[in-house]
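Residue numbers (my numbering), protein chains in the order written: chain B, 1 to 453; chain V, 1001 to 1305.
Glycine included, every Cβ here is placed at the ideal spot set by N, Cα and C.
Every value quoted in this text rests on a predicted model; they were computed, and no experiment measured them.
All remarks here apply to the structure that follows.
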């Protein structure tokens, strides 16, 4: 059982259920407590010890079902035994070959056991790639003794009598069933141990893919991207959104110590040290959704949405010709609808940075104070309209930090109708931000650098 | 506690209808002596599970509600400062007399001083808070740490010692260990992700929203005297509400409240008017109510898929 448990734990890890050594020990203790006679009990008990979030529970259930799924395969029932038990005329090779015996007797459970053992010898569970499947199937079958069967069949075919023909037919069908079962077995192993690594690879590629690449994001990848962005935003917010009181050891807070001492007749009984508050980030995010950034807009909005979900104090705006607040839309809708809604309202119009900044200054300037970090997502292509750098400077003066993330590479800045170089002097940070990976790194830098420690 | 089935029955006896998964997790928690972390959306019966377990085992329940800013002086222990202060003053008077008696040199006085037993940091002056109370219950108890996700990260780290070894270290006194480890429940609403270290020490139980059959049983056990027909109708209605796109789907506690409300309204079966009047018991957001209201009649008529 130990070996099987270890394989199961490995399969769980492959399915992204975190299993630490302590939990592995717990799992073994669990098995010792509940036993494995009752499948349902066994599963629930293991689930309680190993899966630690709702997501992990789902993945645990899937892995458990796949791993402990041992449907016995279908074999033709053996013909009624001859008058004197052993049918006459079977060649001696049959008696020598265990596998042939099992196939002819229809001993399904012995076959299943033999297959498990052969799989272990062939190291099927170390499968990594889907292309390894057929080779491993073949290896496994050979370990089980398929070549013996093939020899018997070849030998029996030479004999012309009916009995041999019947034997050949039965062995052939047994071999076919066996091969199919072996394929299913390897497929299951592949699903258990290798499918996740393929998914990870795709996620990694996606994180590096340019946001405004030709044709945008493959619709098939869209769901994955959203999950990825969400994970990222949550990670960032988790790290930075909690306010912490950090003690400054060695700095006596005289005022508060005196006040506390009053209860004890002026004796400084409780000594209070100075502490420093680490503040929650206060973010205003402004996102360009005009035609020129169409491909990236969906990404940026997804990110905006996720950030809005996890950061308490965040104001979100979107603009192309005019600027509107999109907080309500994001609070009320699911991510897909919210993005569509925003794009429907103001997306894909002619960009006008000047007008949008005017809108912002008229209506929302009061939301920016010295604690606010402003994040601007856009390409700064203003269609040769007045960029109103003066308004931009006003915002910059009021906020703590102004960060510009531009989906275009730096060499394009200032070319054509881009006014990036005129805005740039007023930004604390201005960076090209072209892929999901970059986006995460930059935002992390931003949160780290511009939140006082 | 002999088997999972016995546990399900026992819990039903104290009014908690547990699914098999819940009972198994509880069974494992008792037998492996591990805390159990219960997650699930609000109102699925996380806190109720702890209360029912305490009732089932006949153990006292000690409850600690977590919130931002909770620290060890509120969770574990606090010194009784006032009494300590009085003690020092008595001590000062006494010692003055005693030392004067000694009359001799400073060295003699110091010897005397060391001879007097030091009670200043002793258990008499310790004000136990929930965690310590739970550890000091000699016959065991049920400790409920409610909404752990609301507490700070630092507090979570501080809990680790309590949860894994059932002991606390008090710098002035040493280590206090529980004679009988309490059965610990932690509940979480997933406001934030808990640390891996904490999760690793706990068994995990996620309570989902129940299926119709289980929910009917729960309503029947929680609202005595309710007609089977009404139960059937209202559970089907709630179940179909959950398939809609709502900001806050009604959970079990809302179903139970609604059943009680319907009985108060003398409703024998669901009809559009009764539902419209009492919808605010079930749905807690204006938008949700607005979006459900036009569909009420259809939802009542539609048999549950």
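When V:1113, V:1052, V:1121 and V:1072 are compared, the shortest CA-CA separation from residue 1083 (chain V) is found for V:1121. Closest by C-alpha distance to residue 1051 (chain V), out of V:1196, V:1015, V:1003 and V:1156, is V:1015. When C-beta atoms of the segment 1229-1246 of chain V are compared with those of the segment 1019-1039 of chain V, fewer than three pairs fall below 8 angstroms, so the two segments do not count as touching. Interface with chain V (7 angstroms Cβ-Cβ cutoff): residue 29 (chain B) is included.
Interface residue (Cβ-Cβ distance to chain B less than 7 angstroms): residue 1025 (chain V) is classified as such. For residue 1085 (chain V), the nearest beta carbon of chain B is closer than 7 angstroms to its own beta carbon. For residue 5 (chain B), the enclosing alpha helix (DSSP H) starts and ends at 2-14. Note: residue 1258 (chain V) is not bridge-paired with any residue in the DSSP secondary-structure output. Only 18, 20 and 22 from the segment 11-22 of chain B bring a Cβ to less than 8 angstroms from some Cβ of chain V. When the five nearest sequence neighbours on each side are left out, the beta carbons in the same chain lying within less than 6 angstroms of the beta carbon of residue 1034 (chain V) are those of 1203, in order along the chain. The shortest C-alpha to C-alpha distance from residue 342 (chain B) to any of B:375, B:301 and B:361 is the one to B:301. Looking only at B:26, B:110 and B:189, the smallest Cα-Cα distance to residue 129 (chain B) is reached by B:189.
Exposed is the label assigned to residue 123 (chain B), since fewer than 16 other Cβ atoms lie within 10 Å of its Cβ. Among the residues facing chain B, residue 1204 (chain V) is included, as its CB has a counterpart in that chain under 7 angstroms away. For residue 185 (chain B), the enclosing alpha helix (DSSP H) begins and ends at 162-193. When secondary structure is reduced to three states using DSSP, residue 1169 (chain V) falls in the strand class.
Among the residues of chain V, those whose CB is under 9 angstroms from the CB of residue 264 (chain B) are 1081, 1082 and 1085, following chain order. Assignment of residue 1177 (chain V) by DSSP, reduced to helix, strand and coil, places it in the strand class. Taking C-beta separations shorter than 7 angstroms and ignoring five residues to either side along the sequence, the partners of residue 144 (chain B) in its chain run 99, 114, 115 and 118, following chain order. Your pair residue 229 (chain B) and residue 436 (chain B) checks out as a contact, with CB atoms roughly 7 angstroms apart and the cut at 8 angstroms. Residue 186 (chain B) and residue 61 (chain B) have their C-alpha atoms roughly 20 angstroms apart.
Contact of residue 1004 (chain V) with chain B is assigned, a C-beta pair being separated by under 7 angstroms. Excluding five sequence positions before and after residue 428 (chain B), the CB atoms of its chain that fall closer than 6 angstroms to its own CB belong to 401 and 402, given in chain order. The C-beta of residue 1216 (chain V) has 16 or more other C-beta atoms within 10 Å across all chains shown, which makes the residue buried. For residue 192 (chain B) and residue 1239 (chain V), the gap between their C-alpha atoms comes out near 34 angstroms. Remark: fewer than three beta-carbon pairs, one from each stretch, lie closer than 8 angstroms, so the segment 1266-1283 of chain V and the segment 1070-1077 of chain V are not flagged as touching. By the Cβ criterion, the segment 1038-1052 of chain V is not in contact with the segment 1093-1100 of chain V, since fewer than three pairs of Cβ atoms, one from each stretch, lie closer than 8 angstroms. Between the alpha carbons of residue 136 (chain B) and residue 169 (chain B) lies a distance of about 26 angstroms. For the pair residue 1211 (chain V) and residue 388 (chain B), the Cα-to-Cα distance works out to about 59 angstroms.
For residue 374 (chain B), no chain V residue has a Cβ inside 9 angstroms of its Cβ, as the nearest lies near 26 angstroms away. Of all C-beta pairs linking the segment 4-16 of chain B to the segment 409-424 of chain B, fewer than three are shorter than 8 angstroms, placing the two stretches out of contact. Here the alpha carbon of residue 1106 (chain V) sits roughly 13 angstroms from the alpha carbon of residue 1114 (chain V).
Shortest Cα-Cα distance from residue 50 (chain B) to any of B:35, B:38 and B:29 involves B:29.
Under the Cβ criterion (8 angstroms, minimum of three pairs), the segment 249-264 of chain B does not count as touching the segment 282-295 of chain B. Relative to residue 1194 (chain V), the option among V:1181, V:1221, V:1155 and V:1214 whose CA is nearest is V:1155.
Listed in chain order, the alpha helix (DSSP H) runs fully inside the segment 1177-1204 of chain V are 1196-1201, counting runs of at least 4 residues.
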